[in-house]
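Sequences listed follow chains L and W, in order. Take the first sequence: its letter number 94 is residue 81 in the numbering used here, and every next letter is one higher. Take the second sequence: its letter number 66 is residue 67 in the numbering used here, and every next letter is one higher. Virtual Cβ for every residue (Gly too), placed ideally from N, Cα, C. Just so we're clear, the structure is a prediction, and the values are computed from it rather than from any experiment. Structure first, then comments.
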Amino acid sequence: KQEVTQIPAALSVPEGENLVLNCSFTDSAIYNLQWFRQDPGKGLTSLLLIQSSQREQTSGRLNASLDKSSGRSTLYIAASQPGDSATYLCAAGSGAGSYQLTFGKGTKLSVIP
Amino acid sequence: DTAVSQTPKYLVTQMGNDKSIKCEQNLGHDTMYWYKQDSKKFLKIMFSYNNKELIINETVPNRFSPKSPDKAHLNLHINSLELGDSAVYFCASSQNRGEAFFGQGTRLTVV
């Protein structure tokens, strides 16, 4: 059974810093890994999807990497801004006949102006 | 032109009532899901449908019954609501095993 862990649970950084969020998963037989952002009281916004054959994906100031063999993914945020404050969730997509996303518990990021 | 839309956004109801949450996606995806986010913000899958066929049915009480009238719709009906059903329910869709898109969530409060 797939399990996803995110470390740290919370992170507070001053504006302008670069930061890394970590995600690990127990079953390396994944199809993909997806990073989401969730603002308080809101839905999930997809940030990046990395296919199992890929090593990284970039979107603007965000860069996500995937090391499938070691069961790890990282989300790198460059030059953080107060608007980046949110909870970041990673989800591993797996399951041969019954594909599903298994989520971590998230990292709550606060960017201090 | 919201991609995945759920109604209602908020639902407050008494114990024992029956309620439904509706979900529609206009992305042309073939797979739809229901996820539950508990009070600790943990997201867990409940059901998934592929082309109107039930694929995943996690250990959810049988008071919860999903219904997919067509590929673009997946509704969730809940019978005999209990206090422990209070949570945020998210609908999502994807094309096969592609990028998943989520609705805004339905916050269900059972009193």
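CB contact below 8 Å: residue i versus chain L
| i | result |
| --- | --- |
| LEU44 (chain W) | yes |
| ALA101 (chain W) | yes |
| GLY85 (chain W) | no |
| ILE22 (chain W) | no |
| ILE57 (chain W) | yes |
| GLY106 (chain W) | yes |
Residue i, DSSP secondary structure in three states
| i | result |
| --- | --- |
| ASP19 (chain W) | coil |
| ASP71 (chain L) | helix |
| GLY28 (chain L) | coil |
| GLY80 (chain L) | strand |
| LEU28 (chain W) | coil |
| ASP39 (chain W) | coil |
| LEU82 (chain W) | coil |
| ALA4 (chain W) | coil |
| GLN(-11) (chain L) | coil |
| GLN41 (chain L) | coil |
| VAL112 (chain W) | coil |
| ALA93 (chain W) | strand |
Residues that residue i contacts on chain W, provided the C-beta gap is smaller than 8 Å
| i | result |
| --- | --- |
| LYS92 (chain L) | LYS41, LYS42 and PHE43 |
| SER33 (chain L) | GLU100, ALA101, PHE102 and PHE103 |
Counted within 10 angstroms of its Cβ, other Cβ atoms place residue i as buried (16 or more) or exposed
| i | result |
| --- | --- |
| ILE101 (chain L) | As displayed, chain L neither begins before -12 nor continues past 100, which places residue 101 (chain L) out of reach and without an answer. |
| LEU82 (chain W) | buried |
| GLY58 (chain L) | buried |
| TYR11 (chain W) | exposed |
Boundaries of the beta strand (DSSP E) in which residue i is found, first to last residue
| i | result |
| --- | --- |
| ASN76 (chain W) | 74 to 79 |
| ALA(-3) (chain L) | -3 to 1 |
| SER11 (chain L) | 6 to 12 |
| ALA51 (chain L) | 49 to 54 |
| SER66 (chain W) | 65 to 71 |
| GLU100 (chain W) | Unbroken run through GLU100 (chain W): none, as it is neither H nor E. |
| TYR63 (chain L) | 59 to 64 |
Within chain L, the residues that residue i reaches when beta carbons sit closer than 7 Å
| i | result |
| --- | --- |
| PHE114 (chain W) | Any property of residue 114 (chain W) remains undetermined from this structure, which presents chain W solely from 2 to 112. |
C-beta neighbour in chain W for residue i, strict 8 Å
| i | result |
| --- | --- |
| GLY47 (chain L) | no |
| TYR86 (chain L) | yes |
| ASN19 (chain L) | yes |
| LYS29 (chain L) | yes |
| LEU(-2) (chain L) | no |
| GLY80 (chain L) | yes |
Within chain L, the residues that residue i reaches when beta carbons sit closer than 8 Å
| i | result |
| --- | --- |
| SER49 (chain W) | SER85, TYR86 and GLN87 |
Contact list for residue i against chain W, beta-carbon separation under 7 Å
| i | result |
| --- | --- |
| LEU36 (chain L) | GLU100 |
heavy atom of the ligand MG below 7 Å from residue i C-beta
| i | result |
| --- | --- |
| LEU49 (chain L) | Within the structure as shown, the ligand MG is missing, as the structure has no ligands at all. |
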